[in-house]
Amino acid sequence: MKIITDKRCTGYSREGHPERPERIISTVERLKSQTELQLAWTAPGPVSDGQILHAHSPELLARLQIPHDFDADTPYCENIAGYAGASVGAALVALEAARDGENVFSLMRPPGHHATRDHAMGFCYLNNIAIAVLEAVATGSRRVAVFDFDVHHGNGTEAILLDHPGCAYFSIHQFPCYPGTGSTNVGTNCFNYPVAPGAPRETYRATLARALGDMKNSQPDLIAVSAGFDAYARDPLAEGTLEAADFHWLGQSLRRLGVPLFSLLEGGYSQDLPELILAYLKGVEGI
Ligand SMILES: [Zn+2]
2 MKIITDKRCT GYSREGHPER PERIISTVER LKSQTELQLA WTAPGPVSDG QILHAHSPEL
62 LARLQIPHDF DADTPYCENI AGYAGASVGA ALVALEAARD GENVFSLMRP PGHHATRDHA
122 MGFCYLNNIA IAVLEAVATG SRRVAVFDFD VHHGNGTEAI LLDHPGCAYF SIHQFPCYPG
182 TGSTNVGTNC FNYPVAPGAP RETYRATLAR ALGDMKNSQP DLIAVSAGFD AYARDPLAEG
242 TLEAADFHWL GQSLRRLGVP LFSLLEGGYS QDLPELILAY LKGVEGI
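Position one of the sequence shown corresponds to residue 2 (my numbering), numbered consecutively onward.
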C-alpha cells in the first residue's frame, strides 16, 4: 500500500476550524505505529497550471492569490494555492500508482470535492479528484468512475464532471445536509444516493451497496474514490451512522470490483479518523 503525504500539508490552519492539521498528523502516527499493513511512503508530485485548468477557470487560480476568506467555511491562509496544489500533486501520483497496479491512498489536505470550476468552498480550494479524473481521461482512460462516500455531496466534482465524456460520478451522502445539492441524478453521468439524516446503519450500508452495484454495471476501467470518513456515527459535522467496520467493508468491496483504483482523503472530523482510515486501507489491501 502506497501512502502519499507531505508534512507540509499540516502547515496551514484557522483556529477552531474542524479541517485541521491534526487530522493528518494523528493518522500518520497511527499508520506508522501499526504492523498489519506494509506501507510505502511517497511525496506528492508536481502539477502544472494546464492540468488544473482542465477542471478550473483561470479566475479561480487568480482568486487563490488574493488574501481574503472565500466563505465562512473556507479561510484564506498564506500560500493556500501552494497547499492546494500539493494536494492535487498527490492525487496525480495516486492516479499513476493505480495505473501501475498499486493500492494507494492520498493522505493530504485540503480536501477538494466541494471546489467548483470557479469557486473555492466547503474547506476545498482545488478539486483534487476532478483534476485527476480529467487527467486520466486526457491520457488514455476510457471510462473513469468517481465513488464519493464522504457524507457531504461533492457538488464541485459533480458540476465539473457533468456530462463529460468518459466520466461518471456516484455519490452517497446525507441529504438534506451541506451543501444542499445531490437529491437526484443529474445529466447523463451523475448518480446521487441521498440518505436521510440519522438513517439506520443498515440503510446507509444498503445504499452504499446499491451505488457500488450501479458503478460496477457501468464497467469502469479506473475508479477514483473520494474517501471521506464523516458518515461515521460519531463525526461532529453530520448525522451518519457508519462504524469502522463499514469503512473496512467499503475498502473490501471496492477491492473486489477488480478495477484499478485510487483513493483521496476528503472529510472526516472525529478523533477516530485514524482508525477509520486504517480500517478502510485494510479493506482495500484485502486483510
Ligand atoms: Zn464531508
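Virtual Cβ for every residue (Gly too), placed ideally from N, Cα, C. A quick note: this is a predicted structure, and the numbers were derived from the prediction, not measured.
Based on Cα-Cα distance, which residue from the options lies nearest to residue i?
{"i": "residue 11", "options": "24, 161, 126 and 272", "result": "24"}
{"i": "residue 140", "options": "154, 22, 96 and 34", "result": "96"}
{"i": "residue 144", "options": "114, 170 and 125", "result": "170"}
{"i": "residue 67", "options": "264, 77 and 129", "result": "77"}
{"i": "residue 110", "options": "208, 88, 102 and 101", "result": "88"}
{"i": "residue 195", "options": "172, 203, 201 and 202", "result": "172"}
{"i": "residue 167", "options": "153, 148, 177 and 138", "result": "138"}
{"i": "residue 85", "options": "99, 98, 101 and 61", "result": "61"}
{"i": "residue 174", "options": "165, 206 and 188", "result": "206"}
{"i": "residue 265", "options": "72, 28, 129 and 21", "result": "129"}
{"i": "residue 275", "options": "184, 26 and 198", "result": "26"}
{"i": "residue 186", "options": "212, 7 and 142", "result": "212"}
{"i": "residue 153", "options": "105, 204 and 176", "result": "176"}
{"i": "residue 197", "options": "188, 242, 155 and 273", "result": "242"}
{"i": "residue 20", "options": "8, 125 and 59", "result": "125"}
{"i": "residue 1", "options": "7, 16, 105 and 273", "result": "Limits of the chain in this structure are 2 at one end and 288 at the other, which puts residue 1 out of reach."}
{"i": "residue 254", "options": "79, 155 and 209", "result": "209"}
{"i": "residue 39", "options": "9, 18, 58 and 106", "result": "106"}
{"i": "residue 231", "options": "256, 204, 258 and 273", "result": "273"}
Could you give the C-beta distance for residue i and residue j, rounded to a whole number, given that I count them as a contact under 8 angstroms?
{"i": "residue 179", "j": "residue 123", "result": "7 angstroms"}
{"i": "residue 75", "j": "residue 121", "result": "5 angstroms"}
{"i": "residue 190", "j": "residue 223", "result": "About 15 angstroms; that fails the 8 angstroms criterion."}
{"i": "residue 5", "j": "residue 127", "result": "At roughly 16 angstroms, the Cβ-Cβ gap does not stay under 8 angstroms, so residue 5 and residue 127 are not in contact."}
{"i": "residue 93", "j": "residue 133", "result": "6 angstroms"}
{"i": "residue 118", "j": "residue 160", "result": "7 angstroms"}
{"i": "residue 99", "j": "residue 261", "result": "4 angstroms"}
{"i": "residue 284", "j": "residue 250", "result": "6 angstroms"}
Can you check whether the CB of residue j is closer than 8 angstroms to the CB of residue i?
{"i": "residue 112", "j": "residue 252", "result": "no"}
{"i": "residue 282", "j": "residue 233", "result": "no"}
{"i": "residue 116", "j": "residue 181", "result": "no"}
{"i": "residue 52", "j": "residue 136", "result": "yes"}
{"i": "residue 114", "j": "residue 151", "result": "yes"}
{"i": "residue 91", "j": "residue 45", "result": "yes"}
{"i": "residue 225", "j": "residue 263", "result": "yes"}
{"i": "residue 41", "j": "residue 65", "result": "no"}
{"i": "residue 31", "j": "residue 238", "result": "no"}
{"i": "residue 34", "j": "residue 22", "result": "no"}
{"i": "residue 236", "j": "residue 184", "result": "no"}
{"i": "residue 43", "j": "residue 3", "result": "yes"}
{"i": "residue 149", "j": "residue 227", "result": "yes"}
{"i": "residue 240", "j": "residue 188", "result": "no"}
Beta-carbon of residue i versus every beta-carbon of chain D: anything under 8 angstroms?
{"i": "residue 241", "result": "Absent from the structure: chain D. Only one protein chain is present."}
Is any heavy atom in ligand 2 found nearer than 7 angstroms to the beta carbon of residue i?
{"i": "residue 39", "result": "Inclusion of ligand 2 in the displayed structure is not the case, the ligand content consisting of ligand 1 alone."}
Three CB pairs or more closer than 8 angstroms across the region 239–247 and the region 215–229: no
Lining residues of ligand 1 - beta-carbon closer than 6 angstroms to any non-hydrogen atom, in sequence order: 151, 152, 153, 229, 231, 267 and 268
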